[in-house]
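**Student:** All residue numbers for the sequence shown refer to my numbering, where the first residue is 14 and numbers rise by one.
Built from N, CA and C at the ideal position, the CB exists for glycine as well.
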Amino acid sequence: MDCMKTRDLLHGYLDQELGLASVMAVDRHLASCAACKKIFDQQSALQSAVRRHAAYYTAPAALADRIRAKISRAAADTPAKADKSRWQWLQFGQWFQLGAAVAATAAVTWMAAFQLNGPSQDELIAEQVITGHARSVLTDHLADVATSDQHTVKPWLSSKLDFSPPVTDLTTAGFPLIGGRLDYLDNRPVAALVYRRHQHLINLFVWPDRMSDHTTPMQAISKHGYHLLHWNEAGMTYWVISDLNPAEIQIFAETYAGAK
Ligand SMILES: [Zn+2]
14 MDCMKTRDLL HGYLDQELGL ASVMAVDRHL ASCAACKKIF DQQSALQSAV RRHAAYYTAP
74 AALADRIRAK ISRAAADTPA KADKSRWQWL QFGQWFQLGA AVAATAAVTW MAAFQLNGPS
134 QDELIAEQVI TGHARSVLTD HLADVATSDQ HTVKPWLSSK LDFSPPVTDL TTAGFPLIGG
194 RLDYLDNRPV AALVYRRHQH LINLFVWPDR MSDHTTPMQA ISKHGYHLLH WNEAGMTYWV
254 ISDLNPAEIQ IFAETYAGAK
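1) If you run the structure through DSSP and keep just helix, strand and coil, what is phenylalanine 188?
2) Hey, quick one: how far does the beta strand (DSSP E) through valine 219 stretch, first residue to last?
3) Within the chosen definition, does the region 216-223 reach the region 141-154 through at least 3 CB pairs nearer than 8 Å?
4) Please report the straight-line C-alpha distance between histidine 227 and tryptophan 252, rounded to a whole angstrom.
5) Thinking C-beta only, is aspartate 40 closer than 8 Å to isoleucine 138?
6) Check whether the Cβ of threonine 19 sits closer than 7 Å to any heavy atom of ligand 1, and report yes or no.
7) Using 8 Å for Cβ pairs, my map puts leucine 206 next to proline 178. What's the rounded Cβ distance?
8) Between glutamate 140 and glutamine 212, which are expected to be in contact by the criterion C-beta below 8 Å, what is the C-beta distance as a whole number of angstroms?
9) Report yes if the C-beta distance between leucine 22 and leucine 31 is below 8 Å; otherwise report no.
10) Report the residue from Leu257, Ala270 and Gln60 whose alpha carbon sits nearest the alpha carbon of proline 230.
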């Protein structure tokens, strides 16, 4: 993929709207082109800043009432009631205010609709988890450190990350550890632990929770033919994904959560 095509796709790439093939093509180009990578970094920083700092407001019910009152007042007034030029100014002033109010309401409503209909944070992360899993399987890049030895995988990941993910070999429970690798999710480097169940691969993504130390129950999500399980515990966020059936994923997650 060339620079022009990459830059065309950059917004879609940042918004996670591209298909897997395009994501991988953009990935490859960004890895080898410093100029496009620089543009990507700038846009990514801008996107994060907007997400972090943009204010959202819900339109107060009183605003709608005020607009309705203005409309009925403007409709009730007739030129005959007042001096013509004064009326024209009044009319202009009223419609100007009304227009501004309508514009403000439209903007607020649009933002509210965007908030309500836009994907939730979990859905956005789920999409990234699926992409990360599919990429690791399709490119056969499952592990940066390929060993079932948890005492090798954990220190390797800890040395590359600013946290230490819990790593446990679950061979005795039927889920042998394949290894670990670095991945990038939710705008940060994360640990990816890879396990196997018969011929099925399991990716377990771990990174520190934004809200420290809150615990959420396991939540199952099914998307694009994959089954995901997600929970928070003791300051860490966990996402499991596999093409295993949901029941076996649940067993894996509970075994892992119980063993670590
Ligand atoms: Zn380029």
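**Tutor:** Considering the structure as presented:
1) The answer is strand: DSSP assigns phenylalanine 188 an E or B state.
2) Following the DSSP letters along the chain, one finds valine 219 inside the beta strand (DSSP E) bounded by residues 213-221.
3) Judged by Cβ distances under 8 Å, the region 216-223 makes contact with the region 141-154, as three or more pairs qualify.
4) About 15 Å.
5) no
6) yes
7) 7 Å
8) About 25 Å separates the beta carbon of glutamate 140 from that of glutamine 212, a gap too long to meet the 8 Å contact definition.
9) Yes, they are a contact pair.
10) Ala270
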